[in-house]
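In what follows, a structure is listed as structure tokens, so that the remarks can point back to it.
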Amino acid sequence: MYERILVAVDGSETSKRGLGEAVRLAKLTGGRLLLVHAIDDVSFAAAMGAYGMDLSGAVAGDWLADLREGGRAILREAEATAGAASVPAETVLGEGFAGPVWEQLCKEAENWKADLIVLGTHGRRGVGRALLGSTAEMVARHATVPVLLVRSAQAG
């Protein structure tokens, strides 16, 4: 039970709480983790547009390289957390703009044959949720395996 646990990591405190829960579960079940950080085209385009930058050209390439390096750093930190608890972990940097983050997570879970997906939920409401959507909600709706949603410490 829950021996192949996919964990979405984005470096946020909520994501770290999700990782902590996944590590605890993996220790109890003798399981292993697949740590996934996804870069999606919507977030990339929004970040570029927010700064008034052209999406074509060298600036976009530099920005994407920075996003990838940031993602690798997040994965290294998550892998170290799992390793400190003696939980085996693999990492995946979802790049290549394979679709929205929720879709990338569901595909990775299916390809890796995960039996649980763990991710933090940021609890956005109103306009923030309408504009950004809810990755957690979409994963819960579309995943073919159970999903554990971990709320932020402030969520009460």
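To convert, note that position 63 of the sequence shown is 61 in this note's numbering; the numbers rise steadily by one, no gaps.
Virtual Cβ for every residue (Gly too), placed ideally from N, Cα, C.
C-alpha gap between residue i and residue j, whole angstroms
i    : j     : result
L103 : M(-1) : 20 Å
P98  : G28   : 31 Å
N109 : R74   : 22 Å
A36  : A24   : 22 Å
T119 : D38   : 17 Å
L117 : V85   : 17 Å
T133 : R22   : 23 Å
R70  : D8    : 10 Å
A141 : L114  : 9 Å
E169 : A138  : With the chain running from -1 to 154 in the structure shown, residue 169 is simply not present.
Cβ-Cβ distance between residue i and residue j below 9 Å
i    : j    : result
A82  : L17  : no
M136 : E101 : yes
T89  : V34  : yes
R30  : A87  : yes
Cβ-heavy atom distance, residue i to the ligand FAD, below 8 Å
i   : result
A78 : In the structure shown, the ligand FAD is absent, as is every other ligand, since no ligand is present at all.
Beta-carbon proximity list for residue i, same chain, < 7 Å, skipping 5 on both sides
i    : result
A112 : R2, I3, L4, L32 and V143
R127 : Residue confidence is low: R127 scores 48 on pLDDT, short of 50, so the model does not pin down where it sits. Its coordinate-derived value is still stated next. Excluding positions up to five away in sequence, the list is empty.
A20  : I3, V5, L31 and V116
L91  : H35, R66, G69, R70 and L73
Reduced DSSP category for residue i - H, G, I as helix; E, B as strand; rest coil
i    : result
V156 : Summary: the structure shown does not reach residue 156, with the chain confined to residues -1 through 154, and so no result is reported for it.
G97  : coil
E1   : coil
I37  : coil
Quiz item: For the 8 Å Cβ check, are there 3 or more pairs between the stretch 57 to 72 and the stretch 141 to 154?
Solution: no
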